[in-house]
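Structure, as structure tokens:
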Amino acid sequence: MNLFDSHAHFDLKKITERGVAEMLERAWSRGLVGIIAIAGSTEPGDFGPTFELVGNDPRLWVATGIHPHTASAASPSQLEKLRFALDRERVVALGEIGLDYHYNHSSPAEQRAAFIRQIRMAHDARLPVIIHTREADRDTIAILRDEGADEIGGVIHCFSSTEELASQALELGFYLSFSGIVTFPKAREIQQVAAQTPDDRLLAETDTPFLSPVPLRGRVNEPANVFHVVEKLGQLKQRSTEEMAELTMQNTRRCFGLPETEE
Ligand SMILES: [Zn+2]
Ligand SMILES: [Zn+2]
2 MNLFDSHAHF
12 DLKKITERGV
22 AEMLERAWSR
32 GLVGIIAIAG
42 STEPGDFGPT
52 FELVGNDPRL
62 WVATGIHPHT
72 ASAASPSQLE
82 KLRFALDRER
92 VVALGEIGLD
102 YHYNHSSPAE
112 QRAAFIRQIR
122 MAHDARLPVI
132 IHTREADRDT
142 IAILRDEGAD
152 EIGGVIHCFS
162 STEELASQAL
172 ELGFYLSFSG
182 IVTFPKAREI
192 QQVAAQTPDD
202 RLLAETDTPF
212 LSPVPLRGRV
222 NEPANVFHVV
232 EKLGQLKQRS
242 TEEMAELTMQ
252 NTRRCFGLPE
262 TEE
């Protein structure tokens, strides 16, 4: 089976260095062929650890950006560091970026400013964007539209919103990535959105170390568990887990412009 985890964090305090090595071993032994590692989402401007981890492993790719939680730290010098990081090898997207009005760790105005600046940077770097949006759908879509994000494309990661957001994002040419949330019994609307998403726009992710899928809820999540997300997506789309794995793997490669096969 060809599984691809389109979104995992390895630079958070929940995970130790040894833990990461073991996670990756389990991932490769359970059929993963690729993982996109998100760098620098908690320590703004500190993009180092994930790049070290990824090294030259052809199965690991990097996305880097300033998360809405830390948008208040998006100073000109941090943005300059980010611009530099985007030029590094194995960077395939700018993200995760966006708006999170649930926590408001940074003010909405700071979040919007950092979001807009980073979309412009993605245009310059010709990279797709990975979008985090929570309780901010209207502003997220308005900014994506105003900033011509349809020209760079990208993905709404950890999709956990309404059909309305889904259809607007699909209209902009974006992909929708589903996490362990889609396996939760109460996530009816999200399951419905997944069932209706066109085959060629669906991605799967773990958002490691968060959001462990059923039947592993409450544990530290890891890329190998993307299997459970893919299995659920398969049930919703009436496809086998193998078919769904192949589909989401191909979509991930297309979304981020990755080569077809790795040697
Ligand atoms: Zn996120
Ligand atoms: Zn994330």
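So the mapping is simple: this note's numbering equals the position in the sequence shown, first residue as 1, plus 1. Yeah, the Cβ is synthetic: ideal placement off N, Cα and C, and Gly gets one too.
- For the pair Ser107 and Ala74, the Cα-to-Cα distance works out to about 9 Å.
- For Leu259, the three-state secondary structure derived from DSSP is coil.
- The region 181 to 192 and the region 209 to 224 touch, with three or more beta-carbon pairs separated by less than 8 Å.
- A Cβ closer than 6 Å to some heavy atom of ligand 1 marks a residue here, and those residues are Glu97, His133, His158, Cys159.
- About 7 Å separates the beta carbons of Glu148 and Arg121, which is inside the 8 Å limit, making them a contact pair.
- Cβ-Cβ distances below 8 Å link Asp6 to Ala28, Leu33, Gly35, Ile36, Ile37, Ala205, Glu206, Thr207, Thr209, Pro224, Val227 in the same chain, with the five nearest sequence neighbours on each side left out; the list follows chain order.
- With contacts defined by Cβ atoms closer than 8 Å, Ala94 and Ile131 form a contacting pair.
- Counting along the chain, Val231 sits inside no beta strand (DSSP E); it lies in the alpha helix (DSSP H) bounded by residues 227 to 237.
- In the DSSP assignment, Thr141 falls within the unbroken alpha helix (DSSP H) covering 138 to 147.
- Between Val231 and Leu4, the gap from beta carbon to beta carbon is short of 8 Å.
- Across the set Leu54, Pro50, Ala40, Ile39, the C-alpha of Leu54 shows the shortest separation from the C-alpha of Leu25.
- If you check the C-beta of His70 against ligand 2, you find no heavy atom less than 7 Å away.
- Apart from the 5 residues on each side of it in sequence, Thr198 sits with its Cβ closer than 6 Å to the Cβ of Leu177 in its chain, given in chain order.
- In the structure shown, Asp12 falls within a coil segment according to DSSP collapsed to helix, strand and coil.
- Straight-line measurement puts the Cα of His158 at about 8 Å from the Cα of His8.
- The continuous alpha helix (DSSP H) containing Ser30 extends over residues 18 to 30.
- In this structure, ligand 2 has a non-hydrogen atom nearer than 7 Å to the beta-carbon of Ile39.
- Within the same chain, Thr65, Leu95, Met122, Ala126, Leu128 come within 8 Å of Leu87 by CB-CB distance, once the 5 residues on both sides are set aside.
- In the DSSP assignment, Ser178 falls within the unbroken beta strand (DSSP E) covering 176 to 179.
- Assigned with DSSP and collapsed to three states, Ala75 falls in coil, not helix or strand.
- In the three-state scheme derived from DSSP, where H, G and I count as helix and E and B as strand, Asp58 is classed as coil.
- Put simply, the backbone Cα of Lys233 is about 9 Å away from that of Gly181.
- It is roughly 8 Å from the alpha-carbon of Gln236 to the alpha-carbon of Thr242.
- By the CB criterion at 8 Å, Glu190 and Thr163 fall inside the cutoff.
- Taking 8 Å as the cut-off, the Cβ atoms of Leu145 and Leu173 count as close.
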